[in-house]
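Chains as they are written, first to last, in our numbering: chain A, 3 to 215; chain E, 412 to 574. Down below is the structure, laid out as structure tokens.
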Amino acid sequence: MMSSNFLPQTLFMVPRCSAQCQPRKLALSALSLRRPGLVVARPFGFNFAEKDKKLSFLVSAETNPEAEAVVEESQENVDSVESEEAEVDKPPFKPRIKLGDIMGILNKKAIEASDSERPIPDLRTGDVVEIKLEVPENRRRLSIYKGIVISKQNAGIHTTIRIRRIIAGVGVEIVFPVYSPNIKEIKVLKHRKVRRARLYYLRDKLPRLSTFK
Amino acid sequence: MAASILFRVGRSILGGLSNNALGASRPSSKSADMDFLSQQTRTFIQMRTNLKVVDNSGAKRVMCIQALKGKKGARLGDVIVASVKEAHVGGKVKKGDVHYAVVVRAAMPRGRCDGSEVKFDDNAVVLINKQGEPIGTRVFGPVPHELRKKKHLKILSLAEQIA
């Protein structure tokens, strides 16, 4: 009977959880028992999964990594787990690609892809650069931005540089993502010796220091 | 005797120097705190914000009364309702007039769709009428691209420089 399977679990769980979460857990277990097709492994359902191997629940694709360790021991395979294992099987002698490395690998691939199209020169704070940008809403003419790099924020593919210039009497600062496909050319014109990584002090200084012909 | 006088003089000089050092250190510690806070977080243009007028409509300074569109305030490219606080003598607008205006320069960074951001050093507007046409005939200073999307093409055509 369903109820007989039901009861020992609740007996186990009752001392662990407080009175408040008890009705919630009961509801969840009732739900999952009614539909043995799927279970969502929550953190409190951890011991749940271990205990219920006899009931052979399938674990859905959105499980957290701790539950995945449990899943790998069990027989069932879901799509994401399958692709993980397939990816690992293909290059048999390479080290196993862990979950945490994937973003780093994708980042590097994206940087290499954009580097192959257009190489990025080495940019440092204090360089006076000229950037040619294609703005899709602007009649397909390349806009040219000149100025001094006052900061460079390294963030992989979203590495940005902040360019400052006095245009028509007003100081303008523009942040450009360096690996953007809209940027058609970056050229370093000059380099100014600075003793700082971020030149925010230029905002308070005379406009003469931020003008570039 | 001479040595003692020199010694006393030396001590007084040193005392003076140390006083100066103390005097200098107090404001410097304050400014160290202020340096941390002096990176101003620029925010929206809201009620009572003073803005510069950069066309030749006659107004010089304007105060925002209402930011149309936006619960927190107006940004670059938005339209505001403003009251003229200072005006040139004999211009098209007088002090105390209420007009619509479009923000053409804002100290708050505005993100663009390609991931870049623009930021100007001051807040400036151009006065327009209800239909969106500028009252003045010239616009001074740079204007951003964002006006194209907001359909303020006349201002873009009058501008000296685009962003």
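Positions of the beta carbon are idealized from the N, C-alpha and C atoms, including for glycine. This one's a predicted model, so the numbers in the text were calculated from it and none came from an experiment.
Let me know the secondary structure DSSP gives residue i once reduced to three states.
i         : result
Leu588(E) : In the structure displayed, chain E extends from 412 to 574; residue 588(E) sits before or after that span and is not available.
Ala71(A)  : Reliability of the predicted coordinates at Ala71(A) is poor, the pLDDT of 48 falling under 50, and the value obtained from them is presented with this limitation in mind. Helix at Ala71(A).
Ala115(A) : helix
Asn184(A) : coil
Ile456(E) : strand
Arg210(A) : helix
Asp238(A) : Past the boundaries of the shown model lies residue 238(A); chain A is included only from 3 to 215, so the question cannot be answered.
Lys189(A) : strand
Leu487(E) : coil
Lys503(E) : coil
Lys110(A) : helix
Glu497(E) : strand
Ile546(E) : coil
Ile169(A) : strand
From the DSSP output, read off the bridge partner residues of residue i.
i         : result
Arg164(A) : Ser153(A) and Val177(A)
Gly522(E) : Glu528(E)
Gln572(E) : Pro553(E)
Arg200(A) : Paired residues: none, contrary to the question.
Arg516(E) : Ala535(E)
Leu144(A) : Glu136(A)
Relative to the C-alpha of residue i, which candidate in the options has its C-alpha closest?
i         : options                                       : result
Pro209(A) : Asn184(A), Leu191(A), Arg166(A) and Ala112(A) : Arg166(A)
Asn156(A) : Tyr181(A), Lys192(A) and Lys100(A)            : Tyr181(A)
Val465(E) : His563(E), Val554(E), Lys561(E) and Lys506(E) : Val554(E)
Thr460(E) : Thr452(E), Gly484(E), Lys480(E) and Glu544(E) : Gly484(E)
Arg472(E) : Lys463(E), Lys505(E), Lys480(E) and Arg521(E) : Lys463(E)
Arg197(A) : Lys110(A), Thr127(A) and Met105(A)            : Thr127(A)
Cys524(E) : Lys207(A), Arg120(A) and Asn184(A)            : Asn184(A)
Val137(A) : Ser527(E), Gly481(E) and Thr454(E)            : Ser527(E)
Ser116(A) : Phe95(A), Arg98(A) and Thr161(A)              : Thr161(A)
Phe531(E) : Arg205(A), Leu211(A) and Lys215(A)            : Arg205(A)
Val131(A) : Arg194(A), Arg142(A) and Leu108(A)            : Arg194(A)
Glu497(E) : Arg549(E), Gln477(E), Ala470(E) and His556(E) : Ala470(E)
Thr213(A) : Pro179(A), Ile188(A) and Glu175(A)            : Glu175(A)
Ile159(A) : Ile104(A), Leu108(A), Asp103(A) and Phe95(A)  : Leu108(A)
Leu479(E) : Pro520(E), His510(E) and Lys506(E)            : His510(E)
Determine the contact status of residue i and residue j, defining contact as a CB-CB distance below 7 Å.
i         : j         : result
Ser468(E) : Leu538(E) : yes
Ile456(E) : Val514(E) : yes
Lys134(A) : Lys186(A) : yes
Gly488(E) : Lys561(E) : yes
Asn534(E) : Ala512(E) : no
Ile163(A) : Val151(A) : yes
Arg559(E) : Glu139(A) : yes
Lys503(E) : Ile546(E) : yes
Pro123(A) : Val172(A) : no
Arg200(A) : Ser153(A) : yes
Val550(E) : Leu564(E) : no
Output the boundary residues of the beta strand (DSSP E) element that contains residue i.
i         : result
Arg472(E) : Ala470 to Ala478
Leu462(E) : Asn461 to Val464
In the DSSP assignment, find the unbroken alpha helix (DSSP H) run with residue i in it and report its ends.
i         : result
Ile566(E) : Leu564 to Leu569
Leu558(E) : Glu557 to Lys560
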